[in-house]
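Enquirer: The following block contains the structure, expressed as C-alpha cells.
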Amino acid sequence: MPGYKISKVAAREVLDSRGNPTVEVVIVAGKGRNSICASAIVPSGASTGKHEALELRDNEKRFLGRGVSKAVSNVNSIISRKVIGMDCRNQHGLDSLMIGLDGTPDKSRLGANAILGVSLAAARAASAATNTPLHQVVGKISRNRRFVLPVPFCNVINGGRHAGTSLRLQEFMLVPVKAASFKDAVTMLSETYHTLKGIISTVYGKGAVNVGDEGGFAPDINSAEKALVLLEQAVGKAGYKGRIKFAIDAAASEFFNGSYYDVGKILQPSDLIDYYMGLIRSFPVVSLEDPFDQEDFGSFAELKKKSGIQIVADDLTVTNLNRIRTAVSRKSANCLLLKVNQVGTLSEAISAANLAFKSRWRVMVSHRSGETEDSFIADLSVSLGCGQIKAGSVARGERTSKYNQLLRLEEDYGLKLAKF
Ligand code: PGA
Ligand code: ZN
C-alpha cells in the first residue's frame, strides 16, 4: 500500500533561468519502502503586475545576487510543521491551510513562492502516490475530463523588460492555427524560428540573433511594425503563410508613465487604440495581451469591442478572482492569462480558470520570464482543457521543457490538439 500521508516537506534555493535563486520544494509521502518523493520549482516574473501575490525575496542575505532564504525557511519551519501528517491528495485542504497560515491578501507573510512550491509539489506527490499522471490528478481537482493539447503561443521576438532593446512591446508570438498535431505545431514553429534567425542575421547582422529572456530573438529594433514584418517574412519563407498567425503581449504597464504610452513614439491612450487597430489591420494578429495599463479596464473594453480579436488579461487580472470579476463585468477581455505564481496556490489558480470559463472567457496557461526546468504548466494546460499555452520560444531548456512534456503527453495518451 502506498502511503499518502506527508512525512517530509523541505525547501532549498536553486537557480532560475535568469540566474536568480528561486524556491524548490520536495515532499515525501509515506514511510520506508512505500514512500514516494516529489518536487516542484517556482518561476519568477520580470514584468510583474502590481496586484500579484508577493514573491518573498531577501534584503540582506544573498545567494548569487538575491536570495529567497526567508521563503525557504518559511517552508522548512512554519509550513512543514502543519503540513506533515496531511494527505497529499487533499489539495484543497493543503492550500486552504497555507492560505490561513499566511493570513494576508497577497501572501506576503510566508511568500507566494514558498506556498506555491508546496502546493505544486503536493500535486506531484499525489500523482506519484496514486500512480496517476499529473494531468489527470489536476484534471480531477478542476473537475475537467476533456484533456486536449494546447495551441502553443511561441514568443520568437522578445522586447520590453525581457530584452533591454528599443522595442517597447514585450512579446511577438507565432500561433500555429492550422497544425494537424502538437508535434506538427512544434515542427512549424521550429522551422519558422530558424528561418527568422536567418532573416534577422541578414538584415540586422550576426550579433542581432542573440536571444532574450524567453528564448526569442532580441534585435535592436524600435517598432512593433518592424517585428511583425520580420514575422511575416519568416512565416512566408518557411512556407506557412495562412497556417501561422501572430499574437502580441504588449505588457503596456511597462511603457505607461502615468499619462501617456511610449511605444517608440509618444501616444495618448486613445491614440494607442488606433495604433493597435492599425497593426491588426496590417498583420494577421489574432491575440493581444495587456494592450493598456493594468488599471485601465475601460480602454481594454474599448479595444476588445473594436477589434473583435482575442484580448488577453495578464497584469490586469493577475489570476485573482476579484480582478477577474471586475474585468468580466467591465467586458475588458475575453481570455485569462493563468500564471500559478501570480496567485500562489494550485487550487486558487484552478478557481480562477473555472471562473473565466464560466464567464465565457478562454484561458491561456502561461510560464514566467524567469523559468526553470519544471514543466508543471504543460500538464496544467492539458488538465484544464483550455487549449492555449504560452511557454516562450522553441529554444532554451527552461522553455523546451514545456514543449517536450507536451510532446510526451501527445504520444503517451493519444491526446488531440485544440483548435484556436
Ligand atoms: P513576466 O512576463 O513573467 O516577466 O511577467 C510574462 C508576461 O508578461 O506574460
Ligand atoms: Zn503578459
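Counting in this note's numbering, the sequence shown runs from 1 upward without gaps.
Heads up, the beta-carbon is just placed ideally off N, CA and C, and yes, glycines get one too.
Can you find a heavy atom of the ligand ZN that lies under 7 Å from the Cβ of L338?
Expert: Not so, every heavy atom of the ligand ZN lies at least 7 Å from the Cβ.
Enquirer: Does the beta carbon of V382 come closer than 8 Å to any beta carbon on chain C?
Expert: Of the protein chains in the structure, only one exists, and it is not chain C.
Enquirer: List the residues that DSSP assigns as beta-bridge partners of G370.
Expert: Looking at the DSSP assignment, G370 forms a beta bridge with S44.
Enquirer: Mapping the DSSP letters down to three states, classify R12 as helix, strand or coil.
Expert: Strand at R12.
Enquirer: Using a Cβ-Cβ cutoff of less than 7 Å, which residues in the same chain neighbour L303 once the five nearest sequence positions on both sides are dropped?
Expert: Closer than 7 Å at Cβ, skipping near neighbours: I273, Y276, P291 and I311.
Enquirer: When every heavy atom of the ligand PGA is checked, does at least one fall within less than 7 Å of the C-beta of R168?
Expert: Checking every heavy atom of the ligand PGA against the Cβ of R168, none is found closer than 7 Å.
Enquirer: Given R168, which residues of its chain have a CB within under 7 Å of its CB, disregarding the five upstream and five downstream residues?
Expert: So the qualifying residues of the chain are G159, G160, F255, D262, V263 and G264.
Enquirer: Buried or exposed: which applies to K390, given that a residue is buried once 16 or more other Cβ atoms fall within 10 Å of its Cβ?
Expert: Under this definition K390 is a buried residue.
Enquirer: Is it right to say T319 is buried, meaning 16 or more other beta carbons lie within 10 angstroms of its own, or is it exposed?
Expert: Buried: at least 16 other Cβ atoms inside 10 Å.
Enquirer: Could you please give the first and the last residue of the uninterrupted beta strand (DSSP E) stretch that includes M188?
Expert: Per DSSP, M188 belongs to no beta strand (DSSP E); it is in the alpha helix (DSSP H), F182 to Y204.
Enquirer: So if DSSP puts K70 in a beta bridge, which residue, or which two residues, is it bridged to?
Expert: Answer is none; K70 lacks a bridge partner.
Enquirer: Throw me the rounded Cβ distance for the G215 and S393 pair, which I believe falls under 8 Å.
Expert: Indeed, because the Cβ distance is near 3 Å, the residues count as touching under 8 Å.
Enquirer: Counting along the chain, where does the beta strand (DSSP E) carrying K245 start and finish?
Expert: Per DSSP, K245 belongs to the beta strand (DSSP E) from I244 to D249.
Enquirer: May I ask you to verify whether the segment 18-33 touches the segment 363-374, counting CB pairs closer than 8 Å and requiring at least 3?
Expert: In short, these stretches touch, since the Cβ pair count reaches three.
Enquirer: Does the beta-carbon of G205 have 16 or more other beta-carbons within 10 angstroms, so that it is buried, or is it exposed?
Expert: Label assigned to G205: exposed.
Enquirer: Would F246 pass as a contact of V151 if the rule is Cβ separation under 8 Å?
Expert: No. Outside cutoff.
Enquirer: Assuming S359 is part of the alpha helix (DSSP H), what are its boundary residues?
Expert: Element bounds for S359: n/a, residue is neither H nor E.
Enquirer: Identify whether N131 lies in helix, strand or coil by the three-state DSSP scheme.
Expert: The answer is coil: DSSP assigns N131 none of H, G, I, E or B.
Enquirer: From the DSSP output, which residues share a beta bridge with V175?
Expert: Paired residue(s): K245.
Enquirer: For R18, verify whether its CB is less than 7 Å away from any heavy atom of the ligand PGA.
Expert: Because no heavy atom of the ligand PGA lies under 7 Å away, the Cβ of R18 does not count as near it: no.
Enquirer: Measure the alpha-carbon distance for Q388 versus S77 and round it to whole angstroms.
Expert: Q388 and S77: Cα-Cα distance of roughly 37 Å.
Enquirer: Quick check on DSSP: helix, strand or coil for F300?
Expert: Of the three classes helix, strand and coil, the one that applies to F300 here is helix, per DSSP.
Enquirer: Since I believe A53 is in contact with V343 (beta carbons under 8 Å), could you give me their beta-carbon distance rounded to a whole number of angstroms?
Expert: Correct: roughly 6 Å between the Cβ atoms.
Enquirer: Out of R243, H162, L409 and E225, state which residue places its alpha-carbon closest to the alpha-carbon of S44.
Expert: Residue H162 is the option with its Cα nearest to S44.
Enquirer: Identify which residue in D16, A179 and E232 has its Cα closest to the Cα of L279.
Expert: Of the listed residues, the one whose Cα sits closest to L279 is E232.
Enquirer: State the DSSP-derived secondary structure class of P269, mapped to helix, strand or coil.
Expert: If DSSP states are grouped into helix, strand and coil, P269 belongs with the helices.
Enquirer: Is there at least one non-hydrogen atom of the ligand PGA closer than 7 Å to the beta-carbon of R368?
Expert: Yes.
Enquirer: With 16 other CB atoms within 10 Å as the buried threshold, where does N341 fall?
Expert: So N341 ends up on the buried side.
Enquirer: Which residue wins for smallest C-alpha separation from N322, given the options A301, L355, I309 and D293?
Expert: Measuring from the Cα of N322, the nearest candidate turns out to be L355.
Enquirer: Under a three-way DSSP split, which group does K305 fall into?
Expert: Reduced to three states, the DSSP call for K305 is helix.
Enquirer: I believe D114 touches A38 by the beta-carbon criterion, under 8 Å. Please report the beta-carbon distance rounded to the nearest angstrom.
Expert: Sequence check: residue 114 is Ala here, not Asp. A114 to A38, Cβ: 17 Å. No contact.
Enquirer: Rounding to the nearest angstrom, what Cα-Cα distance links S181 and K416 in this structure?
Expert: Roughly 7 Å between the two C-alpha positions.
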